[in-house]
Amino acid sequence: KAGVTQTPRYLIKTRGQQVTLSCSPISGHRSVSWYQQTPGQGLQFLFEYFSETQRNKGNFPGRFSGRQFSNSRSEMNVSTLELGDSALYLCASTQDEWHTGELFFGEGSRLTVL
Amino acid sequence: AQTVTQSQPEMSVQEAETVTLSCTYDTSESDYYLFWYKQPPSRQMILVIRQEAYKQQNATENRFSVNFQKAAKSFSLKISDSQLGDAAMYFCAYRGVNTGNQFYFGTGTSLTVIP
Chain F
720 KAGVTQTPRY LIKTRGQQVT LSCSPISGHR SVSWYQQTPG QGLQFLFEYF
770 SETQRNKGNF PGRFSGRQFS NSRSEMNVST LELGDSALYL CASTQDEWHT
820 GELFFGEGSR LTVL
Chain H
505 AQTVTQSQPE MSVQEAETVT LSCTYDTSES DYYLFWYKQP PSRQMILVIR
555 QEAYKQQNAT ENRFSVNFQK AAKSFSLKIS DSQLGDAAMY FCAYRGVNTG
605 NQFYFGTGTS LTVIP
């Protein structure tokens, strides 16, 4: 079974631009979460989608948005990029709504903002 | 909101020795789940071990075990017989039972294994 796939793996943008990151969860997983990882801050929760609905949202500005498609694939978008948005963005999927199991992570998309 | 604290940014251990990574958390919930995740350099994060709060018995997975102290809100990870492949960033994580799949992570502990 294929794991969580994130694209692109690396990207460089300049301030003010926008970026879209993509995540394909493990087949059968309906919940997709996004996290921002920066040195010293650990992983900060961005949002979680389940069956195309955003269920939870972290404490990030409205420049950060996401969506989930009917096939459970998810995208996140960051508009008007700032230098502080440079980070590793991790996508994770899990099996079902109340499953108590683990998150399965992708390898991440490393965003550098110049 | 729940918070997870890892007070050891870096740790080191001699190969074949034992090391303990600390984690504390703050919550008002009575039922929840705790996890330790491992992130090797430039590789994806994987689950090391999981503990259900309602279980008094500490979880064990081969060389990895936890010391779960619910009253103290402490959840430490012990790695026995450390191997070079254990070198990684380790994250402690919390998930409530009523908060969907939102996980709260600590800031991580970077573990170095010395040959």
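These protein sequence lines are chains F and H, in that order.
At position 46 of the first sequence (counting the first as 1) the number is 765 in our numbering, and the numbers step up by one without a gap.
At position 27 of the second sequence (counting the first as 1) the number is 531 in our numbering, and the numbers step up by one without a gap.
The C-beta atom is built at its ideal place from N, Cα and C for all residues, glycine as well.
Within-8 Å CB hit, residue i to chain H
| i | result |
| --- | --- |
| residue 830(F) | no |
| residue 833(F) | no |
| residue 825(F) | yes |
| residue 796(F) | no |
| residue 760(F) | yes |
| residue 813(F) | yes |
| residue 790(F) | no |
| residue 822(F) | yes |
C-beta neighbour in chain F for residue i, strict 8 Å
| i | result |
| --- | --- |
| residue 525(H) | no |
| residue 603(H) | yes |
| residue 549(H) | yes |
| residue 611(H) | yes |
| residue 568(H) | no |
| residue 606(H) | yes |
Cβ-based neighbour list, residue i, same chain, cut-off 8 Å, excluding 5 preceding and 5 following
| i | result |
| --- | --- |
| residue 522(H) | 582, 583, 584, 585, 586 |
| residue 785(F) | 753, 765, 766, 768, 773, 793, 794, 795, 796 |
| residue 661(F) | Because chain F here runs from 720 to 833, residue 661(F) falls outside it and cannot be looked at. |
| residue 813(F) | 748, 750, 752, 820, 821, 822, 823 |
| residue 827(F) | 725, 728, 756, 807, 808, 809, 810 |
Alpha carbon of residue i to alpha carbon of residue j, nearest angstrom
| i | j | result |
| --- | --- | --- |
| residue 824(F) | residue 544(H) | 13 Å |
| residue 788(F) | residue 517(H) | 45 Å |
| residue 565(H) | residue 552(H) | 8 Å |
| residue 562(H) | residue 524(H) | 14 Å |
| residue 750(F) | residue 609(H) | 18 Å |
| residue 727(F) | residue 554(H) | 30 Å |
| residue 570(H) | residue 515(H) | 17 Å |
| residue 741(F) | residue 722(F) | 14 Å |
| residue 830(F) | residue 739(F) | 10 Å |
| residue 579(H) | residue 606(H) | 19 Å |
| residue 513(H) | residue 590(H) | 16 Å |
| residue 730(F) | residue 780(F) | 21 Å |
Contact set for residue i: own chain, Cβ-Cβ below 7 Å, skip 5 residues either direction
| i | result |
| --- | --- |
| residue 501(H) | For residue 501(H) there is no data in the structure shown, the boundaries of chain H being 505 and 619. |
| residue 520(H) | 585, 586 |
| residue 574(H) | 557 |
Close Cβ partners of residue i (< 6 Å) along its chain, the five nearest in sequence each way excluded
| i | result |
| --- | --- |
| residue 792(F) | 743 |
| residue 773(F) | 766 |
| residue 577(H) | 528, 529 |
| residue 771(F) | 787 |
| residue 550(H) | 542 |
| residue 533(H) | 600 |
Assigned secondary structure, residue i (DSSP; H/G/I helix, E/B strand, else coil)
| i | result |
| --- | --- |
| residue 759(F) | coil |
| residue 585(H) | coil |
| residue 735(F) | coil |
| residue 804(F) | helix |
| residue 459(H) | Outside the shown range of chain H, which is 505 to 619, sits residue 459(H), and nothing can be said about it. |
| residue 811(F) | strand |
| residue 794(F) | strand |
| residue 571(H) | strand |
| residue 821(F) | coil |
| residue 542(H) | strand |
| residue 566(H) | coil |
| residue 775(F) | strand |
| residue 509(H) | strand |
| residue 616(H) | strand |
| residue 548(H) | coil |
| residue 554(H) | strand |
| residue 480(H) | Beyond the ends of chain H as shown, which are 505 and 619, falls residue 480(H); an answer cannot be given. |
is_contact[residue i, chain A] using C-beta, thresh 8 Å
| i | result |
| --- | --- |
| residue 765(F) | Within the model displayed, chain A is absent; protein chains F and H are what it includes. |
Inter-residue CB distance, residue i and residue j (contact presumed, cutoff 8 Å)
| i | j | result |
| --- | --- | --- |
| residue 594(H) | residue 616(H) | In fact, because the Cβ distance is near 11 Å, the residues do not count as touching under 8 Å. |
| residue 737(F) | residue 805(F) | Actually they are not in contact, since the Cβ atoms of residue 737(F) and residue 805(F) sit about 15 Å apart, beyond 8 Å. |
| residue 732(F) | residue 800(F) | 5 Å |
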